[in-house]
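Protein chains: 2
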Amino acid sequence: MIKVDLSGISTFLDSADPDYAAAAQAHRVLLDGSGAGGEFTGWLELPRRTIKNELKSILSAAAKIKSRSKALVVIGIGGSYLGAKAAVDMLGKTDNSEGCKIYFVGSGLSVDYLNDIITELGDDDFDVNVISKSGTTLEPALAFRIFRGLLERKYGKAAKKHIFATTDNERGVLKKMADEEGWDCFVVPDDVGGRYSVLSAVGLLPMAVSGIDISEVLGSASEYLSELASPGPSNPAWQYAAGRQKLYGLGYSTELLAYYEPSFRFMAEWWKQLFGESEGKNGIGIFPASLEYTADLHSMGQFVQDGPRFLMETVLQFEKANSEFKIPFALGDRDGLNYLAGRDLADVNRTAAAAVKSAHILGGVPNIEILVPRRDAAGFGELVVFFQFACAVSAYMSGVNPFDQPGVEAYKKSMFRMLGKPSDK
Amino acid sequence: MIKVDLSGISTFLDSADPDYAAAAQAHRVLLDGSGAGGEFTGWLELPRRTIKNELKSILSAAAKIKSRSKALVVIGIGGSYLGAKAAVDMLGKTDNSEGCKIYFVGSGLSVDYLNDIITELGDDDFDVNVISKSGTTLEPALAFRIFRGLLERKYGKAAKKHIFATTDNERGVLKKMADEEGWDCFVVPDDVGGRYSVLSAVGLLPMAVSGIDISEVLGSASEYLSELASPGPSNPAWQYAAGRQKLYGLGYSTELLAYYEPSFRFMAEWWKQLFGESEGKNGIGIFPASLEYTADLHSMGQFVQDGPRFLMETVLQFEKANSEFKIPFALGDRDGLNYLAGRDLADVNRTAAAAVKSAHILGGVPNIEILVPRRDAAGFGELVVFFQFACAVSAYMSGVNPFDQPGVEAYKKSMFRMLGKPSDK
Numbered sequence: 004m005i006k007v008d009l010s011g012i013s014t015f016l017d018s019a020d021p022d023y024a025a026a027a028q029a030h031r032v033l034l035d036g037s038g039a040g041g042e043f044t045g046w047l048e049l050p051r052r053t054i055k056n057e058l059k060s061i062l063s064a065a066a067k068i069k070s071r072s073k074a075l076v077v078i079g080i081g082g083s084y085l086g087a088k089a090a091v092d093m094l095g096k097t098d099n100s101e102g103c104k105i106y107f108v109g110s111g112l113s114v115d116y117l118n119d120i121i122t123e124l125g126d127d128d129f130d131v132n133v134i135s136k137s138g139t140t141l142e143p144a145l146a147f148r149i150f151r152g153l154l155e156r157k158y159g160k161a162a163k164k165h166i167f168a169t170t171d172n173e174r175g176v177l178k179k180m181a182d183e184e185g186w187d188c189f190v191v192p193d194d195v196g197g198r199y200s201v202l203s204a205v206g207l208l209p210m211a212v213s214g215i216d217i218s219e220v221l222g223s224a225s226e227y228l229s230e231l232a233s234p235g236p237s238n239p240a241w242q243y244a245a246g247r248q249k250l251y252g253l254g255y256s257t258e259l260l261a262y263y264e265p266s267f268r269f270m271a272e273w274w275k276q277l278f279g280e281s282e283g284k285n286g287i288g289i290f291p292a293s294l295e296y297t298a299d300l301h302s303m304g305q306f307v308q309d310g311p312r313f314l315m316e317t318v319l320q321f322e323k324a325n326s327e328f329k330i331p332f333a334l335g336d337r338d339g340l341n342y343l344a345g346r347d348l349a350d351v352n353r354t355a356a357a358a359v360k361s362a363h364i365l366g367g368v369p370n371i372e373i374l375v376p377r378r379d380a381a382g383f384g385e386l387v388v389f390f391q392f393a394c395a396v397s398a399y400m401s402g403v404n405p406f407d408q409p410g411v412e413a414y415k416k417s418m419f420r421m422l423g424k425p426s427d428k
Numbered sequence: 004m005i006k007v008d009l010s011g012i013s014t015f016l017d018s019a020d021p022d023y024a025a026a027a028q029a030h031r032v033l034l035d036g037s038g039a040g041g042e043f044t045g046w047l048e049l050p051r052r053t054i055k056n057e058l059k060s061i062l063s064a065a066a067k068i069k070s071r072s073k074a075l076v077v078i079g080i081g082g083s084y085l086g087a088k089a090a091v092d093m094l095g096k097t098d099n100s101e102g103c104k105i106y107f108v109g110s111g112l113s114v115d116y117l118n119d120i121i122t123e124l125g126d127d128d129f130d131v132n133v134i135s136k137s138g139t140t141l142e143p144a145l146a147f148r149i150f151r152g153l154l155e156r157k158y159g160k161a162a163k164k165h166i167f168a169t170t171d172n173e174r175g176v177l178k179k180m181a182d183e184e185g186w187d188c189f190v191v192p193d194d195v196g197g198r199y200s201v202l203s204a205v206g207l208l209p210m211a212v213s214g215i216d217i218s219e220v221l222g223s224a225s226e227y228l229s230e231l232a233s234p235g236p237s238n239p240a241w242q243y244a245a246g247r248q249k250l251y252g253l254g255y256s257t258e259l260l261a262y263y264e265p266s267f268r269f270m271a272e273w274w275k276q277l278f279g280e281s282e283g284k285n286g287i288g289i290f291p292a293s294l295e296y297t298a299d300l301h302s303m304g305q306f307v308q309d310g311p312r313f314l315m316e317t318v319l320q321f322e323k324a325n326s327e328f329k330i331p332f333a334l335g336d337r338d339g340l341n342y343l344a345g346r347d348l349a350d351v352n353r354t355a356a357a358a359v360k361s362a363h364i365l366g367g368v369p370n371i372e373i374l375v376p377r378r379d380a381a382g383f384g385e386l387v388v389f390f391q392f393a394c395a396v397s398a399y400m401s402g403v404n405p406f407d408q409p410g411v412e413a414y415k416k417s418m419f420r421m422l423g424k425p426s427d428k
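Written out as C-alpha cells, the structure reads:
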C-alpha cells in the first residue's frame, strides 16, 4: 500500500513533528460529516457503493461498446474528464490491448482540436459518453450537440443506442433529454463533487472501455479507504496533509509534484485540480505545480535548485517498474557507460531520484515522498483515495471548505453575458 | 506579427508605465554582447546563419529519412528536445501529412516508457537523431547506446547510415564517435545555449522530418528578429519583459502562461525551461507555470480567481484559427444552445477568452496578452525569437545572467557519485 516518507522535511521544521492534533480534528470532522461541505463526502464510501450498485451495468455497457466500436468519444470538462484521462494515460499502454481508443472532447473550445479529433475518428465506428451533471456547462454541451449530429448522420435512428449519458439521477437538461430519447444512463452522485467523482461512473465507464480493470481499481480503493479511516500519525494521508500544511505555515507557498513516469502527466493534472480547487480560496492555498523528472531537471531544475526558496517538493515514486531493460555492454566502451552495463534501467532511475532528493534538500527545498507499490489498476485506486482523503484533511486544517468552488462561476457568468445567452436558458 | 497587449496590467501599477529605461539598458547590453554571458548570444543571428550554412543539408537529410523510414527516434534532453517536441506538437497535425512519426527518448530514465516506445516502433524502418553537445549527459547517452544496438540488429553494417549526430563541431565523446563511424553530423553552435538552440539543427532536423516547413520558420524568425532589434517602448519584447518585471517587483511572484489550444502544451513546457532556467537563480526569479484553457478554468480556475494574490497571467492567443466549425442548429433546442447556432466555434472561444480576462482582472490577477497571427510555421518562428529576446531582456533587467544554469550540475554530481561513475569518464 501507499507509504509516505517525511524524512526530507525534518531539517526544515522548527519543532519535531507536523501538527497531528490539527490533522486529528480535521479527520474527525471529515468522517462525521460535520465540517463545511459535509454533505459532499459521499466519496468516502463511493468505491463500495459503486461495486454494489453500478459496477455490473458499467461493465456491461463497456463490453457492448468494445465489441462494436473502435473508439469512445468522452465529453466532459474538469472533474468530468480529468480522472478518466489520468487513468487512461497512466495505465493505457499496459492494459488496453483489448480496449477502444478514447478521445476526450468538450473540455475546451478550440475549433482546431475539435476538427483534428473528427479527422482522426474518420469512418470508425464509435460511441459517445457525455458526462455532465446539469447538461448546461457550455463546453461539453456544445461538443455533445456536435457529436450527436455526427452519430445521427452515421447511424440514423440507431444513433440513440450509441449514446451513454452520465448525469444527475433526476434533474437537469441532460437527464430530461436522455429520458425522452431513451439513452442509457449512469449516475453522477448528489453527494460527490466533480473532482471527487472519478470512482463513480463518471470515470469508470471510459476507463473500462479503455481496457482498465475497474473491479481491481474499486477493490483496492475500497480496501485502502478502510486503512485511511484509522486515525493516527502513522496514517499516510495525515502525514502528507500535515507535512505540507506545516511547510505552508513556514512560507513554502508552492508545491511541486514531481514524478519519474511520463505516463503520470495527467494524473498530476488531476492532482492539481483536486488540491488547487479544494484549497485555493479565501485568499489562501498552496499553489500546485508539477514537474516530470528527469526531463524537467534539465529545464525547471535550475529554478528548483537556485531560485527563490518558496518551493516544497512532493515526489511520486512507483516502487517497482512494470518492465525491465538491462543496460547493454559495449565493446570498446567509447561512450564510457560500461560501468552501468548489466544494471536494470529502473535501478539507475531510482538512484537518480535519490540523488535529486539529496541535491534539492541541500538547495533548500523540503522533500516529501509518496511511494506507490506499482503503476497498475490497484495503484491507481489507492492513489485516488489517498490524494482525496489527504486533500480533505489538509483543506480542513487550513480552515476552508474542501468541497466548494465559488470562484469558478465568475468567468462563466461573464462569458454567458458576452455570448448573449437568453436569461431563461 | 506578434503583438503584446498590456491593457490588463494598468490598474495594478503604481505608476503609469513599466520601467522602459531598464529595458533599454538591458536591450543595449544584450545587443552589444557586454552583459553577463555575452558569449552566448549567437541565437540573435541564428536564423540567418542557419539559412546560410546548414539549411540545405538539414533539408536533404530530412528528405532522405522521410523517403525510407516511418519514424525518427530523437534522443535528447532539456534544450535538446523541448523545442522540437513543442514544434511537432504545435504544428504536427496540420503540417505533417508527409512526415515521419517522431519519437522522443533519452529525456528521462523510465524503463516502462522506453519499452513502450520500442514496442510502438515494432518492425518499422527508423532513423536516429542523437542530440548532445558533449555526449556525456547520462539520459541521452544511455538511450543512444540502446537504440544504436537496435539499429545494428536491424540493419547490420548499414546501421551507421541511419544515425545523425547533432553535436559539438570539434570536441566531445559524441563527435569523436561520429567521426570514427562516419555518421552524418550537424552542429550544436558554441555560442548558443541549449534553451536558445531550437532554430539550429538541434530543433530543425526533427521538425523537418515531421513535415514542418523549416524554411518558413527560419524566414519569419529572422524577419521578426530585425523588428525586435529596434529599441523603444513599442517593442513587443520590451513590453512583455518590462510588464512582467514590473509586476514581479509588486509581489506577483508566479506567472501563469495560459493558452487556448491543446496543441500548445509543450510550447508552454519550452517556455518554462526558457524563463525558469534563465531567470531562476541567485535566490530570485518569477516562477513559471502553465494552464490550458478553458479546460483548466474547471480545475485551477478556482485558485486563480480566489486563491492568494501572487499570480500574474500571460495569455497566448492565436488571432485566427486554422479551421472553422459552425455550431449547428437543433430542432426543438432542447439543450438551449440555438442562440449560438451558426456562429463559428472559434468566435465562441474568443468570447470566452475575453470573459476570462475580465473575470480574472476583477479577481486581482494582472493580465498580459500575447497575440500571434496564426498557429503555423511562421507563427512558431516568431514565437521562438519573441520569447528568447524578451527572456534575455527580462533576465538582464532582474540582474542575472540569462545564459548560465549553475544549479543543474548539483543533481548530476550527486547522481554520478551514487552510480559509481569512474572518475576518468
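Protein sequences appear in the order of chains A and B. For the first sequence, the positions run 4 to 428 when the working numbering is used. For the second sequence, the positions run 4 to 428 when the working numbering is used. Beta carbons are placed, not taken as given, at the ideal position from N, Cα and C, and that holds for glycine. Being a predicted model, the structure only gives us computed values, none of them experimental.
### Task
Report yes if the CB atom of L221(A) is closer than 8 Å to the CB atom of I54(A), and no otherwise.
The residue given as residue 221(A) occupies position 218 in the first sequence. The residue given as residue 54(A) occupies position 51 in the first sequence. Closer than 8 Å, so yes.
### Task
Tell me whether L260(A) sits in a helix, a strand or coil according to DSSP, three-state version.
Indexing the first sequence from 1 puts residue 260(A) at position 257. In the structure shown, L260(A) sits in a strand (DSSP, three-state: E or B).
### Task
Look at the alpha carbon of L365(B) and the alpha carbon of S60(A), and state the distance between them as a whole number of angstroms.
On the second sequence, residue 365(B) is found 362 positions in, with the first residue counted as 1. On the first sequence, residue 60(A) is found 57 positions in, with the first residue counted as 1. If you draw a straight line from the Cα of L365(B) to the Cα of S60(A), it is about 46 Å long.
### Message
Quick check on K160(B): buried or exposed, where buried means 16 or more other Cβ atoms within 10 Å of its Cβ?
### Response
As a first step, residue 160(B) is located in the second sequence; it is residue number 157 there, counting from the start. Looking at its Cβ environment, which holds fewer than 16 other Cβ atoms inside 10 Å, K160(B) is exposed.
### Message
In whole angstroms, give me the CA-to-CA distance for D98(B) and M210(B).
### Response
Counting from 1 along the second sequence, the entry for residue 98(B) is found at position 95. Counting from 1 along the second sequence, the entry for residue 210(B) is found at position 207. For D98(B), the predicted model reports a pLDDT of 43, less than 50, meaning its position is unreliable and no value from the coordinates is stated.
### Query
Can you name the residues of chain B whose CB is closer than 7 Å to the CB of T354(A)?
Position 351 of the first sequence, counted from the start, is the residue given in the question as residue 354(A). Ordered by position in chain B, the residues that pass the 7 Å Cβ test against T354(A) are M418, M421, L422.
#### Entry: Residues that F150(B) contacts on chain A, provided the C-beta gap is smaller than 7 Å
By 1-based counting over the second sequence, the position of residue 150(B) is 147. Chain A residues near F150(B): none, gap ~11 Å exceeds 7 Å.
### Query
Going along chain A in order, which residues have a C-beta closer than 7 Å to the C-beta of K69(B)?
Translated into positions along the second sequence, residue 69(B) becomes position 66. Result: empty, since nearest Cβ-Cβ is about 21 Å, beyond 7 Å.
#### Entry: G36(A) to F107(B) span [Cα, whole Å]
By one-based count along the first sequence, residue 36(A) stands at place 33. By one-based count along the second sequence, residue 107(B) stands at place 104. For G36(A) and F107(B), the distance between alpha carbons rounds to 48 Å.
### Chain-order list of residues whose beta-carbon lies under 6 Å from that of Q308(A) (same chain, five-residue window excluded)
Start at 1 with the first residue of the first sequence, and residue 308(A) comes out as number 305. Excluding sequence neighbours, Q308(A) sits near G366.
### Query
Of all Cβ atoms in chain B, is any one closer than 8 Å to the Cβ of A413(A)?
As a working mapping, residue 413(A) is identified with position 410 in the first sequence. By this cut-off, A413(A) is an interface position.
#### Entry: Other residues of its chain near A362(A): CB distance less than 8 Å, five sequence neighbours each side excluded
Here residue 362(A) refers to the residue found at position 359 when the first sequence is read from its first residue. Listed in chain order, the non-local C-beta contacts of A362(A) below 8 Å within the same chain comprise Q308, local neighbours out to five positions each way being set aside.
### Task
Starting from C188(A), follow the beta strand (DSSP E) in both directions and report where the run begins and ends.
To locate residue 188(A), count along the first sequence from 1; it is residue 185. Looking at the DSSP string, the run of the beta strand (DSSP E) that includes C188(A) is 187-190.
### Query
Among A144(A), S218(A), T169(A), which residue has its Cα nearest to the Cα of A380(A)?
Numbered from 1 along the first sequence, position 377 holds the residue referred to as residue 380(A). Ranking the options by Cα distance to A380(A), first place goes to S218(A).
### Task
Return no unless some Cβ of chain B is closer than 8 Å to the Cβ of H165(A).
In the first sequence, residue 165(A) corresponds to position 162, counting from 1. Not one beta carbon of chain B lies nearer than 8 Å to the beta carbon of H165(A).
### Message
Please list, in chain order, the chain B residues whose beta carbon lies closer than 8 Å to that of P369(A).
### Response
On the first sequence, position 366 is the one that residue 369(A) refers to. Going along chain B, no residue has its Cβ under 8 Å from P369(A), so there is no contact; the nearest lies around 16 Å.
### Task
For S426(B), decide whether its Cβ has a neighbour in chain A, counting only Cβ atoms nearer than 8 Å.
In the second sequence, counting from the first residue as 1, residue 426(B) sits at position 423. No - not a single Cβ of chain A is within 8 Å of the one on S426(B).
### Message
Alpha carbons only, please: which of S426(B), E327(B), V396(B), R420(B) is nearest the one belonging to G40(B)?
### Response
Here residue 40(B) is taken as the residue at index 37 of the second sequence, counted from 1. Measuring from the Cα of G40(B), the nearest candidate turns out to be V396(B).
### Task
Confirm, please, whether the CB-CB distance from P21(B) to G246(B) is below 8 Å.
Along the second sequence, one-based indexing puts residue 246(B) at 243. Along the second sequence, one-based indexing puts residue 21(B) at 18. Contact flag set, yes.
### Message
Give me the residue from E322(A), L49(A), A204(A) with the minimum Cα distance to G382(A).
### Response
On the first sequence, position 379 is the one that residue 382(A) refers to. The candidate whose alpha carbon is nearest that of G382(A) is E322(A).
### Query
What runs of the alpha helix (DSSP H), each 4 residues or longer, lie entirely inside the stretch 358-414 of chain A?
380-400
### Query
What residue ranges within the stretch 273-355 of chain A form continuous beta strand (DSSP E) runs of no fewer than 3 residues, ordered along the chain?
When DSSP assignments are scanned along the stretch 273-355 of chain A, the uninterrupted stretches of beta strand (DSSP E) that are 3 or more residues long and fall wholly within it turn out to be 290-295, 314-323.
### Query
From E258(A), Y342(A), A333(A), I287(A), pick the residue whose C-alpha is nearest to that of L314(A); which is it?
Reading the first sequence from its first residue, position 311 is the one you call residue 314(A). Out of E258(A), Y342(A), A333(A), I287(A), E258(A) has the C-alpha closest to the C-alpha of L314(A).
### Task
Pair every Cβ in the stretch 367-379 of chain A with every Cβ in the stretch 237-255 of chain A, then say whether three or more of these pairs are closer than 8 Å.
Yes, the stretch 367-379 of chain A is in contact with the stretch 237-255 of chain A.
### Query
Who are the neighbours of A144(B) on chain A, taking C-beta pairs under 9 Å?
If you number the second sequence from 1, residue 144(B) lands on position 141. Near A144(B) (Cβ distances below 9 Å), the residues of chain A are D338, G339, L340.
### Task
Could you tell me if K416(B) is buried or exposed, where buried requires 16 or more neighbouring beta carbons within 10 angstroms of its beta carbon?
By one-based count along the second sequence, residue 416(B) stands at place 413. Classification for K416(B): exposed.
### Query
Taking just the CA atoms, how far does S293(B) sit from Q424(B)?
Along the second sequence, one-based indexing puts residue 424(B) at 421. Along the second sequence, one-based indexing puts residue 293(B) at 290. Before going on, a small fix: residue 424(B) reads as Lys here, not Gln. Taking C-alpha positions only, K424(B) is separated from S293(B) by approximately 36 Å.
### Query
Out of curiosity, what's the CA-to-CA distance linking L75(B) and V387(B)?
To locate residue 75(B), count along the second sequence from 1; it is residue 72. To locate residue 387(B), count along the second sequence from 1; it is residue 384. In a straight line, the C-alpha of L75(B) is about 23 Å away from that of V387(B).
### Query
Which residues in chain B sit within 7 Å of Q408(A), going by Cβ to Cβ distance?
The residue labelled residue 408(A) in the question sits at position 405 within the first sequence. Residues of chain B passing the Cβ test: Q305.
### Query
With 16 other CB atoms within 10 Å as the buried threshold, where does S113(B) fall?
Stepping through the second sequence from its first residue, residue 113(B) is reached at position 110. Burial call: buried.
### Query
Taking 8 Å as the CB-CB cut-off, is G275(A) touching chain B?
Mapped onto the first sequence, residue 275(A) falls at position 272. As written in the sequence, residue 275(A) is Lys, which differs from the Gly given in the question. At least one chain B Cβ lies under 8 Å of K275(A).
### Task
Out of L16(A), R377(A), N285(A), point me to the one whose CA is closest to A324(A)'s CA.
Residue numbering aside, residue 324(A) sits at position 321 when the first sequence is read from its first letter. Closest option to A324(A), Cα to Cα, is R377(A).
### Task
Pick helix, strand or coil for L422(A), following the three-state DSSP scheme.
Within the first sequence, the letter at position 419 stands for residue 422(A). DSSP places L422(A) in helix when its eight states are reduced to three.
### Task
Could you name the residues of chain A that P311(B) contacts, counting a contact when the two beta carbons are closer than 8 Å?
Taking the second sequence and counting its residues from 1, one reaches residue 311(B) at position 308. Those within 8 Å of P311(B) in chain A are S256, G283, G286, I287, G288, F290.
### Query
Closer than 8 Å, CB to CB, is T297(B) near chain A or not?
The residue given as residue 297(B) occupies position 294 in the second sequence. Taking Cβ atoms only, chain A reaches closer than 8 Å to T297(B), which makes this a yes.
### Task
Would you check if the distance between the CB atom of E184(B) and the CB atom of K163(B) is smaller than 8 Å?
By one-based count along the second sequence, residue 184(B) stands at place 181. By one-based count along the second sequence, residue 163(B) stands at place 160. Yes. Within cutoff.
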